[in-house]
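Engineer: FYI, the numbering for the sequence shown is -16 to -1, 1 to 171, going by mature numbering (1 follows the signal peptide of the UniProt record, and there is no 0).
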Amino acid sequence: MLLYCVFLMPLLLEEAVDIIAPYFECLQNATIAARLYALRYGSRMFTCLANRFRNTGSVLRPLHCRQGTRRTEGNVINVLAYVEFDPQLSVRVISRDLGIPQTTVFGTLEEHRSPDLTCLDFYLWGRLKNLVFCTRSTTRENMIQRITDAIRSISRAEVEKAVLSTRERLELCVQNDGRQFEHLGRH
């Protein structure tokens, strides 16, 4: 649970203990405790302090107010297992099911993807950019025409060679258990 705690005035430890006491007097019923708290202390924040105590076991302000879940080995394994089970699951679904932040799921998935293994990523877009941007564009129509000409100039043999190279790269990746493989052969 993310905590964003803002107090207008800093609390001393004794004040924090006095403020949290109604929560226990009311048998940890937050609604009743909030009413009792309002009668006793008026404008001071009860809810944030109660949440902080419930989540951290302390009424003291943490070193930083935003608390998140780090990428642990267990989280990484669970996220990758989910994707292995169903590659179509969204980051939101995985996050909800595992109870970890979406940023943790997304960071784990980003770290474990290989963007240079598809023809489009490692070959086609770079080739098109080289052809299209070899000279400066003058107008929108000129840019559209240059893109069209660049696409038409790429031969079938060139595309087949790129696809074959991709297959070779995938095989090298599998042979090396997904680790770095660029040094193993020509691609």
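In this text, a Cβ means the ideal position worked out from N, Cα and C, and glycines have one as well. Predicted, not measured: the structure shown is a model, and the values here were computed from it.
(1) CA-CA distance, Arg19 and Arg38?
(2) Quick check: Val63 and Thr92, are their CB atoms within less than 8 Å of each other?
(3) Compute the beta-carbon to beta-carbon distance between Ala146 and Tyr107, rounded to the nearest angstrom, for a pair I have assumed lies under 8 Å.
(4) Pick from Glu(-3), Glu95, Ser137, Thr122: whose alpha carbon is nearest that of Asn114?
(5) Terminal residues of the continuous alpha helix (DSSP H) containing Thr157?
(6) CA-CA distance, Glu125 and Arg36?
(7) Count the other C-beta atoms from every protein chain shown that fall within 10 angstroms of the C-beta of Arg163, then say buried if there are 16 or more, exposed otherwise.
(8) Taking buried to mean at least 16 other C-beta atoms within 10 Å of its own C-beta, is Pro71 buried or exposed?
(9) Are there 16 or more other CB atoms within 10 angstroms of the CB of Val89, so buried, or fewer, so exposed?
(10) Could you tell me the distance, in whole angstroms, from the CA atom of Glu144 to the CA atom of Asp161?
(11) Please go through the same chain and pick out, in chain order, the residues whose beta-carbon is closer than 8 Å to the beta-carbon of Met127, but skip the five residues on each side of it.
(12) If you draw a straight line from the C-alpha of Glu95 to the C-alpha of Glu142, how long is it?
(13) For Ala65, does the count of other Cβ atoms within 10 angstroms reach 16, so buried, or fall short, so exposed?
(14) Specify, as a first and last residue, the run of the alpha helix (DSSP H) that Glu95 falls within.
Structural biologist: If we stick to the structure as given:
(1) Residue mapping note: residue 19 aligns to position 35 of the sequence shown, counting from 1. Residue mapping note: residue 38 aligns to position 54 of the sequence shown, counting from 1. Straight through space, the alpha carbons of Arg38 and Arg19 are spaced by roughly 18 Å.
(2) By 1-based counting over the sequence shown, the position of residue 63 is 79. By 1-based counting over the sequence shown, the position of residue 92 is 108. Yes, the pair counts as a contact, with Cβ atoms nearer than the cut-off.
(3) Counting from one through the sequence shown, the residue named residue 146 turns up at place 162. Counting from one through the sequence shown, the residue named residue 107 turns up at place 123. Contact flag correct, Cβ pair sits at about 4 Å.
(4) In the sequence shown, counting from the first residue as 1, residue 114 sits at position 130. Between Asn114 and the set Glu(-3), Glu95, Ser137, Thr122, the nearest pair of CA atoms involves Ser137.
(5) Here residue 157 corresponds to residue number 173 of the sequence shown, with the count starting at 1. Position check: residue 157 holds Cys in this sequence, whereas Thr was assumed. Residues 140 to 159.
(6) If you number the sequence shown from 1, residue 125 lands on position 141. If you number the sequence shown from 1, residue 36 lands on position 52. In a straight line, the C-alpha of Glu125 is about 60 Å away from that of Arg36.
(7) Looking up residue 163 in the sequence shown gives position 179. Arg163 counts as exposed, since fewer than 16 other beta carbons sit within 10 angstroms of its beta carbon.
(8) Here residue 71 corresponds to residue number 87 of the sequence shown, with the count starting at 1. Exposed, since its Cβ has fewer than 16 Cβ neighbours within 10 Å.
(9) As a working note, residue 89 is residue 105 in the sequence shown. Answer is buried; the Cβ neighbour count reaches 16.
(10) Taking the first residue of the sequence shown as position 1, residue 144 is located at position 160. Taking the first residue of the sequence shown as position 1, residue 161 is located at position 177. The alpha-carbon atoms of Glu144 and Asp161 are separated by roughly 26 Å.
(11) On the sequence shown, residue 127 is found 143 positions in, with the first residue counted as 1. Val116, Ser121.
(12) Your numbering for residue 95 matches position 111 in the sequence shown. Your numbering for residue 142 matches position 158 in the sequence shown. C-alpha separation (whole angstroms): 31 Å.
(13) Taking the first residue of the sequence shown as position 1, residue 65 is located at position 81. Exposed, because fewer than 16 other Cβ atoms sit within 10 Å of the Cβ of Ala65.
(14) For the purposes of this step, residue 95 is taken as residue 111 along the sequence shown, with counting starting at 1. Note, Glu95: alpha helix (DSSP H), 86 to 95.
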